[in-house]
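Enquirer: First to last, the sequence lines map onto chains A and B.
Those letters in the first sequence? Residues 23 to 378, per my numbering, in order.
Those letters in the second sequence? Residues 23 to 378, per my numbering, in order.
My questions will all concern the structure given below.
Protein chains: 2
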Amino acid sequence: MAANPKQTIRWGILGTGWVSTSFVKDLVLSRPSAPVEHLITALGTSSEVKGSGFVNSIFTSNQSRPTIYTDYKSVYADSNVDVVYIGTPHVFHKESCLAAIAAGKHVLCEKPMAINEREVNEMIAAAKEKGVFLMEAVWTRFFPLVLELQRLLHKEKVIGDISRMFCDFGLDINVASLPSTHRLRNLELGGGALLDLGVYPLMFSSVVLDEHVGFRASDPEVTSSLLVVDGVDYDDVIVLKYPENGRMAVLTASMRGKSGENFLRIEGTGGTIVVSGPAASVPKMITISAKGEEEKVLDFEHEGMGFYFEADAVAADILAGRKEDGIMPLAESVRIIRIMDEVRKVGGVVYSQDSV
Amino acid sequence: MAANPKQTIRWGILGTGWVSTSFVKDLVLSRPSAPVEHLITALGTSSEVKGSGFVNSIFTSNQSRPTIYTDYKSVYADSNVDVVYIGTPHVFHKESCLAAIAAGKHVLCEKPMAINEREVNEMIAAAKEKGVFLMEAVWTRFFPLVLELQRLLHKEKVIGDISRMFCDFGLDINVASLPSTHRLRNLELGGGALLDLGVYPLMFSSVVLDEHVGFRASDPEVTSSLLVVDGVDYDDVIVLKYPENGRMAVLTASMRGKSGENFLRIEGTGGTIVVSGPAASVPKMITISAKGEEEKVLDFEHEGMGFYFEADAVAADILAGRKEDGIMPLAESVRIIRIMDEVRKVGGVVYSQDSV
């Protein structure tokens, strides 16, 4: 007797760059225990060549392949698409998101959801009006490691009251050697370390220092210092202070140097927790050093990059008729972009979108 | 044939607390290779009992013992004293220093040299007028590890151009359990993490990010965030940015949590250096990870705490007739206290001395 067939969610993908590639590769992995079946039904790309290359590099000959469209609006119009995944550069998120929503599609939009709070609010308002699902793709929030970290800190309270945390995401990019048109160097493309790397330390501070998210979470005092070259932030330091409980976060991001393995350190009255891995976007281990106890190491290996954790959550939300996710609600996106706006304002990083 | 007898420097010690004890213990260690002989000839203390306890706990029966005075002015008046070491709590430094200088004594004054820049300037002016030697006892600057670190960074340039550094000095003090009169909690005694612990990360940033010291060194932009409880800073974050070369330092100090072993991390275009040890005041190892080369670990064990490194330098200065030291010149003390004043001002930590 066959088991009940899995429910299916059908994705339209925008963009063929690194993040779209990683996302789709993860979704088409064979995961017998997956709660839902992810079908990639449509791909929007700027050229047929890019589209074919993308599909051929990811899909095996016996996997169902997406229709390739060389314009995005055909993706929004495709009746075989339930949810549009936006994996294009930051500055294009808003326009694509609004168009997909207007066509009645649900949307999972890569982080940062947009360039500034004004854009994010516009996108949220549109989704609410249309009654579709919208989420910022802060994929790492859905990692089993992160969920377990939250449980250890806030439910088990294994290190007591949290006092300080440090999180760094540095990559040794040699930005000066990139063409000035490169996404990371180009102000017009939302360049800089903050929107690209800083979002990860901010993600960790959010889940570590507050057991709540979004509108239920506390707003910290923000202090920051950016190293700005040609208008773009190469190096960021963001200090968050929560006056009501004295918690502090020192968050750093850099395009000039590689973080150490132990990229996250959390201190509490009862000990320390260190999270380690190749980078803040690839956390692998939790090391708990509780006072008076032996050090405990938890290993979190998983197949692929781990984009399917968020995709499974999005599918469950959509299939259940929810318009936003409980782990990454829309108010959380607003909270984080507001911090980033403040950091940019103080540091003197201005995007053209800010003056609209 | 006997070797030439070593030159001798005669110390008068003020205070019998932890730092005076450690200082004197180190000075009376038998070090055959020491360039000078340190004699402790006088001790100033508030009580005979403390003084005897101090002397009996440190000096062996066949070591020359200091005269114990129960007032400080007898130390300044003692003709057997060349240099006065001030190891009393922060807020008493200025008065003792000025009195010792007025008596014509050279002075080595524990860090922080005083409570604020105004006091430090007053002390320096007095020493210059009287023509005596004065130095702030930033003992760790004289450690072989620190001198080698400077050589590796600025002469050998083993990690290329320096971009970022992180330094933390956190101690798990449980301040709330201390009596409110305790030096660390008491604003009237110059309490807080900054003057006590923050000076160490500031010391490291000074030697790591600038090959010069004092008036030849650059003044960084300072951004800071303090967690203040009852007027006293429990937790400090200081960000220094050097606009001319893009170097950044993230300096942290805390009375709420213990730093990790790898308390200092320096990143450059050519690799990273990590300095480790039990605390920022007890650096033990330098680990160099230069790009394309095998990791190299340098071990720096030394006898005692290592206060004799600075004491030897002070003795050499005084015996040579110098009025300040080349490694820790007076302009450097002004530079650092100016940063601490700015940090306190922004953070809202005000000592009564600030309003004089």
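Ideal placement from N, C-alpha and C gives every residue a C-beta, glycine not left out.
Bear in mind the structure is a predicted one, so any value in this text is a computation, not a measurement.
1. Taking its Cβ as the centre, do 16 or more other Cβ atoms sit within 10 Å of His115(A), making it buried, or is it exposed?
2. Just the C-alpha distance for Asp363(A) and Cys189(A), rounded to the nearest angstrom, thanks.
3. Counting beta carbon pairs with one atom in the segment 116-128 of chain A and one in the segment 314-333 of chain A, are three or more of them shorter than 8 Å?
4. Would you identify the three-state DSSP class for Met23(A), choosing helix, strand or coil?
5. Starting from the Cα of Met187(B), find the closest Cα among Lys72(B), Ser55(B), Ala301(B) and Gly268(B) and give me that residue.
6. Along the alpha helix (DSSP H) that carries His115(A), what are the first and last residues, could you check?
7. By Cβ distance below 7 Å, which residues in the same chain neighbour Lys95(B) in space, the five residues on each side in sequence not counted?
8. Using a Cβ-Cβ cutoff of 9 Å, what residues of the segment 166-197 of chain B are near chain A? List them in chain order.
9. Please report how far the alpha carbon of Phe45(A) lies from the alpha carbon of Phe329(A), in whole angstroms.
10. Per DSSP, what are the beta-bridge partners of Ala56(A) in this structure?
11. Measure the beta-carbon distance from Gly66(B) to Leu36(B) and round it to whole angstroms, keeping in mind my assumption that it falls under 8 Å.
12. Hey, is Leu216(B)'s beta-carbon within less than 8 Å of any beta-carbon in chain A?
13. Just to make sure I have the definition right: I need the residues of chain A whose C-beta is within less than 8 Å of the C-beta of Arg287(B). Which are they?
14. In the DSSP assignment, what residue or residues form a beta bridge with Thr274(A)?
15. With a threshold of 8 Å between beta carbons, is Glu263(B) in contact with chain A?
16. I think Val261(B) touches Ser281(B), with their Cβ atoms under 8 Å apart; what is that distance to the nearest whole Å?
17. Answer yes if the segment 193-211 of chain A comes into contact with the segment 249-265 of chain A, meaning at least three C-beta pairs across the two stretches below 8 Å, and no otherwise.
18. Give the residues of chain A in contact with Ser276(B), contact being defined as C-beta atoms less than 9 Å apart.
19. So, with DSSP's three-state summary, where would you put Asp321(A)?
20. Got a sec? Which residues, its chain only, sit under 6 Å from Leu248(B) by beta carbon, not counting five neighbours each side?
21. Does any residue of chain A have a CB that is nearer than 8 Å to the CB of Thr110(B)?
22. Show which residues of chain A have a CB atom less than 7 Å away from the CB atom of Leu249(B).
23. Starting from Gly34(A) and walking both ways along the beta strand (DSSP E), at which residues does that stretch end?
24. Name the chain B residues that come within less than 9 Å of Gly279(A), Cβ to Cβ?
25. Run the CB neighbour count on His60(B), radius 10 Å, all protein chains shown included, and call it buried at 16 or more, exposed below.
26. Would Thr245(A) count as contacting chain B if we go by Cβ distances under 8 Å?
27. Quick one: what's got a C-beta closer than 6 Å to Gly220(B)'s C-beta in the same chain, skipping five residues either side?
28. Is there at least one Cβ from chain B nearer than 8 Å to Asp255(A)'s Cβ?
29. What do you get for Asn138(A), buried or exposed, if any count of 16 or more other CB atoms within 10 angstroms of its CB means buried?
30. Mind pulling the chain B residues with CB within less than 8 Å of Val297(A)?
31. For His234(A) and Leu51(A), I'd like the C-alpha separation in whole angstroms.
32. Assign His128(B) to one of three DSSP states: helix, strand, or coil.
33. Would Val371(B) count as contacting chain A if we go by Cβ distances under 8 Å?
34. Give a yes or no on whether 8 Å exceeds the smallest Cβ distance from Val259(A) to chain B.
35. State the DSSP-derived secondary structure class of Tyr107(B), mapped to helix, strand or coil.
Expert: So, from the listed chains and residues:
1. Classification of His115(A): buried, given that the 10 Å Cβ count is 16 or more.
2. Each residue's CA atom was taken as its position, placing Asp363(A) and Cys189(A) some 20 Å apart.
3. No, the segment 314-333 of chain A is not in contact with the segment 116-128 of chain A.
4. Here Met23(A) scores only 48 on pLDDT, less than 50, and its place in the model is too uncertain to base an answer on.
5. Ranking the options by Cα distance to Met187(B), first place goes to Gly268(B).
6. Unbroken alpha helix (DSSP H) run through His115(A): His115 to Ala124.
7. Only Ala121 meet the Cβ criterion.
8. Within the segment 166-197 of chain B, the residues whose Cβ lies closer than 9 Å to any Cβ of chain A are, in chain order, Ser185, Arg186, Phe188, Asp190, Gly192, Asp194 and Asn196.
9. Their Cα atoms are separated by approximately 6 Å.
10. Looking at the DSSP assignment, Ala56(A) forms no beta bridge with any residue, so it has no partner.
11. About 5 Å; that satisfies the 8 Å criterion.
12. Cβ-Cβ to chain A under 8 Å: no for Leu216(B).
13. By Cβ distance, chain A contributes Gly282.
14. Paired residue(s): Asp190(A) and Val259(A).
15. Note that residue 263(B) is Lys in the sequence shown, not Glu. Taking Cβ atoms only, chain A reaches closer than 8 Å to Lys263(B), which makes this a yes.
16. About 17 Å; that fails the 8 Å criterion.
17. By the C-beta criterion, the segment 249-265 of chain A is judged to be in contact with the segment 193-211 of chain A, since at least 3 inter-stretch pairs fall below 8 Å.
18. Neighbourhood of Ser276(B) in chain A, by CB distance below 9 Å: Ser185, Arg186, Met270 and Glu289, in chain order.
19. Three-state result, Asp321(A): strand.
20. By the criterion of a C-beta distance shorter than 6 Å, Leu248(B) is surrounded in its chain by Asp255, Asp258 and Gly369, once the five residues flanking it on both sides are discounted.
21. For Thr110(B), the answer is no, since every Cβ of chain A falls outside 8 Å of its Cβ.
22. Simply Lys263, Gly268 and Met270.
23. Note, Gly34(A): beta strand (DSSP E), Thr30 to Leu36.
24. Within 9 Å of the CB of Gly279(A), the CB atoms of chain B belong to Ser185, Arg186, Glu289, Gly290, Thr291 and Thr294, in sequence order along the chain.
25. Classification for His60(B): buried.
26. So yes, Thr245(A) belongs to the interface.
27. So the qualifying residues of the chain are Asp258 and Ala275.
28. It does not: the Cβ of Asp255(A) has no partner Cβ on chain B nearer than 8 Å.
29. It counts as buried.
30. The contacting residues do not exist; Val297(A) stays about 13 Å from chain B at best.
31. Answer to the nearest angstrom: the Cα atoms are 32 Å apart.
32. His128(B) falls in the strand class under three-state DSSP.
33. No, because no Cβ of chain A sits closer than 8 Å to the Cβ of Val371(B).
34. Yes, Val259(A) lies at the interface with chain B (some Cβ there is under 8 Å from its Cβ).
35. Strand at Tyr107(B).
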